[in-house]
Amino acid sequence: MDFRQEFIEFAVARNVLRFGEFKTKAGRLSPYFFNAGLFNDGAAIDRLSQFYARTILASGIAIDTLFGPAYKGIPLVAISALALARAGRNLPFAFNRKEAKDHGEGGSIIGAPLAGRVLIIDDVISAGTSVRESVELIRAAGATPCGVVIALDRMERGSGELSAVQEVERDYGIPVVAVATLDDLMAFLRDRPDFKEHQAAVKRYRKEYGVEHRR
Numbered sequence: 003m004d005f006r007q008e009f010i011e012f013a014v015a016r017n018v019l020r021f022g023e024f025k026t027k028a029g030r031l032s033p034y035f036f037n038a039g040l041f042n043d044g045a046a047i048d049r050l051s052q053f054y055a056r057t058i059l060a061s062g063i064a065i066d067t068l069f070g071p072a073y074k075g076i077p078l079v080a081i082s083a084l085a086l087a088r089a090g091r092n093l094p095f096a097f098n099r100k101e102a103k104d105h106g107e108g109g110s111i112i113g114a115p116l117a118g119r120v121l122i123i124d125d126v127i128s129a130g131t132s133v134r135e136s137v138e139l140i141r142a143a144g145a146t147p148c149g150v151v152i153a154l155d156r157m158e159r160g161s162g163e164l165s166a167v168q169e170v171e172r173d174y175g176i177p178v179v180a181v182a183t184l185d186d187l188m189a190f191l192r193d194r195p196d197f198k199e200h201q202a203a204v205k206r207y208r209k210e211y212g213v214e215h216r217r
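Heads up, the sequence shown is in our numbering, so the first residue is 3 and it goes up one at a time.
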């Protein structure tokens, strides 16, 4: 089985990915909801880290440093660095605190220095605020943002015709790679008779709000 399908099954089993009717920040009624914060025990984050590592390695992006934006990106960058090291790719990582510390070591960056080509690791991209702040921090340190890796790409239009992911790619000229996308979710629903009742609703939502992404 493709690891993207494995990830969708894993997310459903952990109740991280749920089906029903959920209001999004944009006020839309979505037939599914994804909450990466529910990967909340040791076994779950261990397996999650493997999906991130496989996605990063498969992306082919040249990377020198990993960066996780506060707050959700902090555990994600740590577990990704660990899984990559286990896979034979040892990379330094860093994350930021929301408020700069004015005593001790000071500053807002914790961990390795931001240097070279820096990959941003987060859970999802909604408005792109976290990515914008991360890009600013990386560039201010004299490093170069080289891409973003997220868990799920909803492939959904923002305020315009582009998705949040496409806007990030356009605005910063960097690739955004997801462990899985809405297309992977729809493939899961097609192959699972026990979830057939949700297939039509997700398909309608995709048709109304979706965008086409290149793989």
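All residues carry an ideal CB built from backbone N, CA and C; glycine is no exception.
Within 10 Å of its beta-carbon, does residue i have 16 or more other beta-carbons around it, so buried, or fewer, so exposed?
i, result
"Pro71", "buried"
"Leu31", "exposed"
"Ile58", "buried"
"Thr67", "buried"
"Ser136", "buried"
"Thr183", "buried"
"Ala60", "exposed"
"Ser51", "buried"
"Glu199", "exposed"
"Asp48", "exposed"
"Pro77", "buried"
Does the distance from the C-beta atom of residue i to that of residue j stay below 8 Å?
i, j, result
"Val181", "Arg16", "no"
"Gly130", "Ala166", "yes"
"Ala36", "Val126", "Rather than Ala, the amino acid found at residue 36 in this sequence is Phe. Yes."
"Leu187", "Tyr34", "yes"
"Pro147", "Ile112", "no"
"Asp124", "Val150", "yes"
"Ser110", "Arg99", "yes"
Please report the Cβ distance between residue i and residue j, rounded to the nearest whole angstrom; I am assuming they are in contact, meaning their Cβ atoms lie under 8 Å.
i, j, result
"Ala145", "Leu116", "4 Å"
"Gln168", "Val213", "7 Å"
"Phe95", "Ala64", "No, Phe95 and Ala64 are not in contact; Cβ-Cβ is about 16 Å, not under 8 Å."
Let me know the beta strand (DSSP E) ranges lying completely inside the segment 92-145, each 3 residues or longer, listed in chain order.
95-103, 109-113, 119-123
Decide if the segment 17-29 is in contact with the segment 130-143; the criterion is three or more beta carbon pairs, one per stretch, under 8 Å apart.
no
Taking 8 Å as the threshold, find out whether the segment 84-97 comes into contact with the segment 30-45 through three or more Cβ pairs.
no
May I have a chain-ordered list of the alpha helix (DSSP H) segments no shorter than 4 residues that lie completely inside the segment 46-101?
75-88
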